[in-house]
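Visitor: My questions will all concern the structure given below.
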Amino acid sequence: MARTRPAAPALAASGETPVTVLAGVGPAVAAKLQARGIGSLQDLWLHLPLRYEDRTRLSAIATLQPGSAAQVEGRVVAVERGFRYRPMLRVAVEDDSRGTLVLRFFHFRAAQVAQFAVGARLRCYGTPRPGQHGLEIVHPSYRMLGDGEEAGLGDALDPVYPVVDGIGPATLRRLIGQALERLPGEAALEVLPAHLLDGLALPSLRQALLAMHRPPADADVAALAAGTHPAQRRLALEELLAHHLSLRRQRIALQQHHAPALSGGDRRVRQLRQSLPFRLTGAQQRVFAQIRQDLARPHPMLRLVQGDVGSGKTVVAALAAMLAVEQGKQVALAAPTELLAEQHLANLRGWLEPLDVQVAWLAGKVTGKARARVLENIASGRAQVVVGTHALMQDSVVFHDLALAIVDEQHRFGVHQRLALRDKGADGRSVPHQLVMTATPIPRTLAMAAYSDLDVSAIDELPPGRTPVQTIVISAERRPELVERIRLACAQGRQAYWVCTLIDESEDADSSPAANAGRMEAVAAQATFEALSAQLPGVRVGLVHGRMKAAEKQAAMRAFKAGETGLLVATTVIEVGVDVPNASLMIIENAERLGLAQLHQLRGRVGRGAAASSCVLMYQAPLSAMARQRLETMRQTSDGFVIAEKDLELRGPGELLGTRQTGLAAFRVADLARDAALLPGVHALAERLLAEAPAVADRIVARWVGGAARYASA
Ligand code: ADP
Ligand code: MG
Numbered sequence: 001m002a003r004t005r006p007a008a009p010a011l012a013a014s015g016e017t018p019v020t021v022l023a024g025v026g027p028a029v030a031a032k033l034q035a036r037g038i039g040s041l042q043d044l045w046l047h048l049p050l051r052y053e054d055r056t057r058l059s060a061i062a063t064l065q066p067g068s069a070a071q072v073e074g075r076v077v078a079v080e081r082g083f084r085y086r087p088m089l090r091v092a093v094e095d096d097s098r099g100t101l102v103l104r105f106f107h108f109r110a111a112q113v114a115q116f117a118v119g120a121r122l123r124c125y126g127t128p129r130p131g132q133h134g135l136e137i138v139h140p141s142y143r144m145l146g147d148g149e150e151a152g153l154g155d156a157l158d159p160v161y162p163v164v165d166g167i168g169p170a171t172l173r174r175l176i177g178q179a180l181e182r183l184p185g186e187a188a189l190e191v192l193p194a195h196l197l198d199g200l201a202l203p204s205l206r207q208a209l210l211a212m213h214r215p216p217a218d219a220d221v222a223a224l225a226a227g228t229h230p231a232q233r234r235l236a237l238e239e240l241l242a243h244h245l246s247l248r249r250q251r252i253a254l255q256q257h258h259a260p261a262l263s264g265g266d267r268r269v270r271q272l273r274q275s276l277p278f279r280l281t282g283a284q285q286r287v288f289a290q291i292r293q294d295l296a297r298p299h300p301m302l303r304l305v306q307g308d309v310g311s312g313k314t315v316v317a318a319l320a321a322m323l324a325v326e327q328g329k330q331v332a333l334a335a336p337t338e339l340l341a342e343q344h345l346a347n348l349r350g351w352l353e354p355l356d357v358q359v360a361w362l363a364g365k366v367t368g369k370a371r372a373r374v375l376e377n378i379a380s381g382r383a384q385v386v387v388g389t390h391a392l393m394q395d396s397v398v399f400h401d402l403a404l405a406i407v408d409e410q411h412r413f414g415v416h417q418r419l420a421l422r423d424k425g426a427d428g429r430s431v432p433h434q435l436v437m438t439a440t441p442i443p444r445t446l447a448m449a450a451y452s453d454l455d456v457s458a459i460d461e462l463p464p465g466r467t468p469v470q471t472i473v474i475s476a477e478r479r480p481e482l483v484e485r486i487r488l489a490c491a492q493g494r495q496a497y498w499v500c501t502l503i504d505e506s507e508d509a510d511s512s513p514a515a516n517a518g519r520m521e522a523v524a525a526q527a528t529f530e531a532l533s534a535q536l537p538g539v540r541v542g543l544v545h546g547r548m549k550a551a552e553k554q555a556a557m558r559a560f561k562a563g564e565t566g567l568l569v570a571t572t573v574i575e576v577g578v579d580v581p582n583a584s585l586m587i588i589e590n591a592e593r594l595g596l597a598q599l600h601q602l603r604g605r606v607g608r609g610a611a612a613s614s615c616v617l618m619y620q621a622p623l624s625a626m627a628r629q630r631l632e633t634m635r636q637t638s639d640g641f642v643i644a645e646k647d648l649e650l651r652g653p654g655e656l657l658g659t660r661q662t663g664l665a666a667f668r669v670a671d672l673a674r675d676a677a678l679l680p681g682v683h684a685l686a687e688r689l690l691a692e693a694p695a696v697a698d699r700i701v702a703r704w705v706g707g708a709a710r711y712a713s714a
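Under full-length UniProt numbering, read the sequence shown as residues 1 to 714, first letter to last.
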């Protein structure tokens with residue numbers, strides 16, 4: 001990955017120094033670090049602890065509390081090896097407080113078993129949980145003590161770092177320790193001009209890094225855990241600044257490009273508006289007017305259109321497309337799933353083909369001769385509007401004259417994919433306009449930080465004639481009533497969704513990677529499908545989940561859309577964009593497990609027709625306080641923006657935006673929900689920096705963002 005480093009000023013040299021200068025870092029270790037984006041000493045300084053372990057004191061076993069980590073010292077009183085389901089080793093430890101603690105191991109070596117002789121002394125650290133025989137710690141970190149050995153206590157909290165694959169925690173700690181030894185003095189490290197930081201009452205960068213990596217025993221642990229420690233605020237400020245600067249620069253760079261000015265006639269737009277079976281809402285008109293202004297300029301538009309589910313974004317996109325078609329240019333519309341893309345295709349064909357606009361379709365399953373033909377039509381310009389999936393972004397797709405790239409549900413795509421589509425129209429002289437649509441309303445502060453490279457418009461009004469969805473929250477015990485309700489709805493010719501969500505048995509998120517979650521969700525959906533099919537003999541039941549082949553999924557969706565099936569059992573794959581107006585009942589199982597944004601998206605699948613609709617949020621008791629708040633919010637409002645604000649408050653921005661894809665997950669310290677108050681200051685700082693010291697801006701971006709090269713190449 002190409003790293004964009006500024007010409008290294010002498011003072012920064014130590015930060016740019018490669019990790020290979022450290023003892024114990026040969027090519028193999030360096031490669032493992034590099035895989036995690038760590039190439040320089042600076043990258044190690046910024047590899048910040050996730051949390052801390054307090055080994056500065058000992059706790060009496062009798063005083064241990066489940067769930068709170070502690071260090072204890074004691075003597076082995078019993079050892080038991082078992083093989084019931086899998087190998088297991090249990091070691092009971094007691095101390096003078098007469099409390100007993102069980103240490104449990106699932107992976108262990110014979111030498112370890114030998115260590116734990118009854119009477120042996122040891123010290124261990126971990127988080128006790130209620131077990132079969134009182135409190136137990138699974139896989140504690142521990143060390144044996146010799147008879148009469150007095151082990152001292154640490155005088156600083158022990159940092160726990162994010163894992164780097166292939167490098168053990170002790171090695172990682174040692175490497176970071178070595179890198180910190182090379183931390184330059186205040187003046188050399190600090191690149192922000194001092195006067196810009198005046199009045200913020202924050203520590204210097206050097207102080208902040210040391211406080212994070214080596215907090216003293218009396219550090220404000222609660223503030224560190226909450227992320228509100230001044231050291232974290234100092235780092236967050238600089239990190240937010242770096243991201244903002246990088247987006248700003250990207251935007252400025254893009255604005256230097258030329259784009260086809262789509263001004264001139266509006267015959268095509270008028271044709272489409274006249275042929276629509278409805279009038280545009282005020283919000284649709286306003287947003288289209290904004291887009292139209294952007295498109296008329298000879299520089300690329302970069303606009304995000306936010307609109308709640310059902311607010312009618314597609315027709316706005318179609319109108320924008322007509323402005324390009326009018327000028328004899330091409331438009332691409334990409335959606336993240338085949339289902340969604342197909343729906344756009346159906347809409348656009350329905351609206352545009354009667355007006356003699358050629359709409360082409362390109363998805364993964366278009367292969368062989370058909371694919372060659374589509375590619376040929378795209379390359380020759382015969383295809384005026386091309387709708388598709390990721391397939392549109394492949395190298396083999398060459399446009400004749402792409403003027404507008406539209407991306408739906410952009411948070412499902414990576415930044416890179418969005419840019420790949422843009423690059424399709426770049427011919428050295430000009431780049432296409434970009435229109436991004438999302439149904440996930442994003443609170444303003446967040447949008448500013450996440451999309452400082454985009455202009456944002458909101459379609460904040462639903463088309464008339466929709467009846468609001470009634471939302472009901474009930475316990476899973478009342479499931480039989482729901483089955484009856486479905487039977488009634490279907491008997492009246494209406495349709496229903498039953499959404500199965502994953503019940504994650506393991507509390508340990510690390511042990512259930514997404515693939516596994518998808519499989520479990522599919523299994524749950526299959527079981528529910530079978531149960532409901534048996535309980536509802538008069539109803540035709542369909543099934544759709546992420547593990548089905550694309551063709552099977554399509555078939556199931558199509559059958560539901562066509563009304564051939566009355567009940568659709570589904571996993572959250574139906575989340576985005578699917579439009580079946582006749583569906584008026586949705587049941588969401590384990591609703592307490594889902595985030596607000598997702599619940600809102602799901603609920604948006606009903607209430608699309610004139611019939612009164614309801615959404616039943618079914619939960620497994622007992623509800624956590626957080627889950628209760630979420631469900632209550634859902635009951636109270638259907639305003640996507642209100643829900644988004646609440647979601648931000650409850651869960652933080654990563655989840656809200658679909659973490660990884662946005663690049664926001666790349667934040668090392670900053671948390672947009674927590675640090676939102678810093679943003680106005682960050683923006684002001686960025687303006688001054690760009691005006692007064694652009695070279696400093698480069699160094700800050702290189703330090704925080706450059707290494708990850710996420711935006712650098714954008
Ligand atoms: P979303 O914003 O969720 O993508 P869609 O574009 O799929 O919404 O629109 C939802 C439905 O509303 C579609 O059936 C669409 O044809 C219809 N629609 C869009 N705009 C209007 C309007 N102004 N009046 C009535 N119906 C509309
Ligand atoms: Mg849509």
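Glycine included, C-beta positions come from ideal geometry on N, C-alpha and C. Just so you know, these numbers come straight off a predicted model, no measurement behind them.
Would you call K646 buried or exposed, if buried means 16 or more other Cβ atoms sit within 10 Å of its Cβ?
Guide: The residue labelled residue 646 in the question sits at position 646 within the sequence shown. Counting Cβ neighbours within 10 Å, K646 comes out buried, since at least 16 surround it.
Visitor: Kindly indicate the opening and closing residues of the alpha helix (DSSP H) around R231.
Guide: Counting from 1 along the sequence shown, the entry for residue 231 is found at position 231. Looking at the sequence itself, residue 231 is Ala, so the reference to Arg does not match. P230 to Q256 is the extent of the alpha helix (DSSP H) around A231.
Visitor: When we look at the beta-carbon of E592 and count the other beta-carbons within 10 Å, is it buried (16 or more) or exposed?
Guide: Taking the first residue of the sequence shown as 1, we reach residue 592 at position 592. That one is buried.
Visitor: Just verifying my parser: in three-state terms, what is the DSSP assignment at L210?
Guide: Along the sequence shown, one-based indexing puts residue 210 at 210. For L210, the three-state secondary structure derived from DSSP is helix.
Visitor: Please work out which residues of its chain come closer than 6 Å, Cβ to Cβ, to R630, disregarding the five sequence neighbours upstream and downstream, and give them in chain order.
Guide: Reading the sequence shown from its first residue, position 630 is the one you call residue 630. So the qualifying residues of the chain are L596.
Visitor: Where are the alpha helix (DSSP H) runs, 4 residues long or more, that stay fully inside the stretch 274-310, in chain order?
Guide: 282-295
Visitor: Could you give the DSSP three-state label for P18: helix, strand or coil?
Guide: For the purposes of this step, residue 18 is taken as residue 18 along the sequence shown, with counting starting at 1. The answer is strand: DSSP assigns P18 an E or B state.
Visitor: Please check the pair M618 and I486, which I expect to be a contact at CB under 8 Å, by giving their CB distance rounded to whole angstroms.
Guide: Here the question's residue 618 lines up with position 618 in the sequence shown. Here the question's residue 486 lines up with position 486 in the sequence shown. The Cβ separation is near 12 Å, so there is no contact.
Visitor: What distance in whole Å lies between the Cβ atoms of A341 and L402, which are believed to be in contact at a cut-off of 8 Å?
Guide: Residue mapping note: residue 402 aligns to position 402 of the sequence shown, counting from 1. Residue mapping note: residue 341 aligns to position 341 of the sequence shown, counting from 1. L402 to A341, Cβ: 17 Å. No contact.
Visitor: Would you give the residue range spanned by the beta strand (DSSP E) that A70 belongs to?
Guide: For the purposes of this step, residue 70 is identified with residue 70 of the sequence shown, where counting begins at 1. Taken as a continuous stretch (DSSP letters only), the beta strand (DSSP E) holding A70 covers A70 to G82.
Visitor: For L103 and P140, which I take to be in contact (beta-carbon distance under 8 Å), what is that distance rounded to the nearest angstrom?
Guide: As a working note, residue 103 is residue 103 in the sequence shown. As a working note, residue 140 is residue 140 in the sequence shown. L103 to P140, Cβ: 5 Å. Contact.
Visitor: Does DSSP classify S512 as helix, strand or coil?
Guide: Counting from one through the sequence shown, the residue named residue 512 turns up at place 512. In this prediction, S512 scores a pLDDT of 41, lower than 50, which makes its location untrustworthy; no coordinate-derived value is stated.
Visitor: Between the stretch 603-621 and the stretch 462-474, are three or more C-beta pairs nearer than 8 Å?
Guide: yes
Visitor: Please indicate yes or no: does the CB of S275 lie closer than 7 Å to some heavy atom of the ligand ADP?
Guide: Here residue 275 is taken as the residue at index 275 of the sequence shown, counted from 1. Flag unset: Cβ of S275 not near the ligand ADP.
Visitor: In or out: L355 buried (at least 16 other Cβ within 10 Å) or exposed?
Guide: Residue numbering aside, residue 355 sits at position 355 when the sequence shown is read from its first letter. Answer is exposed; the Cβ neighbour count stays below 16.
Visitor: First and last residue of the beta strand (DSSP E) that includes M437?
Guide: Translated into positions along the sequence shown, residue 437 becomes position 437. Per DSSP, M437 belongs to the beta strand (DSSP E) from H433 to T438.
Visitor: Among P184, H195 and V221, which has the Cα closest to the Cα of Q207?
Guide: What you label residue 207 is simply residue 207 of the sequence shown in a count that begins at 1. The shortest C-alpha separation from Q207 is found at P184.
Visitor: With distances taken between CB atoms, is the gap from G607 to V569 smaller than 8 Å?
Guide: Residue 607 sits at position 607 when you count from the first residue of the sequence shown. Residue 569 sits at position 569 when you count from the first residue of the sequence shown. No, they are not a contact pair.
Visitor: Check C490 in the structure and name its three-state DSSP category.
Guide: As a working mapping, residue 490 is identified with position 490 in the sequence shown. Here C490 sits in helix by DSSP.
Visitor: Counting Cβ pairs closer than 8 Å, one from the stretch 379-387 and one from the stretch 356-363, do we hit at least three?
Guide: Verdict: yes, contact present.
Visitor: Output yes or no for whether 8 Å exceeds the beta carbon distance between L679 and L240.
Guide: For this step, residue 679 is matched to residue 679 along the sequence shown. For this step, residue 240 is matched to residue 240 along the sequence shown. A contact, by the Cβ cut-off of 8 Å.
Visitor: With a cut-off of 8 Å on the beta carbons, I'd call L237 and W45 a contact; round off their distance for me.
Guide: Taking the first residue of the sequence shown as 1, we reach residue 237 at position 237. Taking the first residue of the sequence shown as 1, we reach residue 45 at position 45. At roughly 16 Å, the Cβ-Cβ gap does not stay under 8 Å, so L237 and W45 are not in contact.
Visitor: Is G350 helix, strand or coil by DSSP?
Guide: In the sequence shown, the residue the question calls residue 350 occupies position 350. Three-state result, G350: helix.
Visitor: Hey, could you find the ends of the alpha helix (DSSP H) S380 is sitting in?
Guide: For the purposes of this step, residue 380 is taken as residue 380 along the sequence shown, with counting starting at 1. Per DSSP, S380 belongs to the alpha helix (DSSP H) from G368 to S380.
Visitor: Distance check for A60 and C124, CA to CA, integer angstroms please.
Guide: Locating residue 124 in the sequence shown gives position 124, counting from the first residue. Locating residue 60 in the sequence shown gives position 60, counting from the first residue. CA-CA distance, C124 to A60, rounds to 12 Å.
Visitor: Counting along the chain, where does the alpha helix (DSSP H) carrying P680 start and finish?
Guide: Residue mapping note: residue 680 aligns to position 680 of the sequence shown, counting from 1. From DSSP, the alpha helix (DSSP H) with P680 extends over L679 to E692.
Visitor: Can the beta-carbon of A697 be found less than 8 Å from the beta-carbon of L352?
Guide: Numbered from its first residue, the sequence shown carries residue 697 at position 697. Numbered from its first residue, the sequence shown carries residue 352 at position 352. Not a contact, by the Cβ cut-off of 8 Å.
Visitor: Rounded to a whole number of angstroms, what is the C-alpha to C-alpha distance between V287 and I643?
Guide: Along the sequence shown, one-based indexing puts residue 287 at 287. Along the sequence shown, one-based indexing puts residue 643 at 643. Taking the straight line from one Cα to the other gives about 22 Å.
Visitor: Determine the closest residue to V669 out of M212, D395 and F529, with distance taken between C-alpha atoms.
Guide: Counting from 1 along the sequence shown, the entry for residue 669 is found at position 669. The option with the nearest alpha carbon to V669 is M212.
Visitor: Please list, in chain order, all residues of the same chain as A684 whose beta carbon is under 8 Å from its beta carbon, the five residues on each side excluded.
Guide: For the purposes of this step, residue 684 is identified with residue 684 of the sequence shown, where counting begins at 1. Shown here for A684: not one same chain residue has a beta carbon closer than 8 Å to its own, the five before and five after excluded.
Visitor: To test your reading of the DSSP string, which unbroken beta strand (DSSP E) runs of 3 or more residues are found completely within the stretch 113-146?
Guide: 121-126, 129-131, 134-138 and 141-145
Visitor: Measuring CB to CB, does T637 end up less than 8 Å from L602?
Guide: Mapped onto the sequence shown, residue 637 falls at position 637. Mapped onto the sequence shown, residue 602 falls at position 602. By the CB criterion at 8 Å, T637 and L602 fall outside the cutoff.
Visitor: Take the Cβ of M626 as the centre, count every other Cβ of all protein chains shown within 10 Å, and call the residue buried at 16 or more, exposed below.
Guide: Counting from 1 along the sequence shown, the entry for residue 626 is found at position 626. Exposed.
Visitor: On the CB-based measure, 16 or more other CB atoms within 10 Å of its CB, does T438 come out buried or exposed?
Guide: Working through the sequence shown from its first residue, we reach residue 438 at position 438. Answer is buried; the Cβ neighbour count reaches 16.
Visitor: Starting from P159, trace the beta strand (DSSP E) in both directions and tell me its first and last residue.
Guide: By one-based count along the sequence shown, residue 159 stands at place 159. Judged by DSSP secondary structure, P159 falls within the beta strand (DSSP E) whose first and last residues are D158 to V160.
Visitor: What first and last residue would you give for the alpha helix (DSSP H) that runs through A610?
Guide: Numbered from its first residue, the sequence shown carries residue 610 at position 610. Unbroken run through A610: none, as it is neither H nor E.
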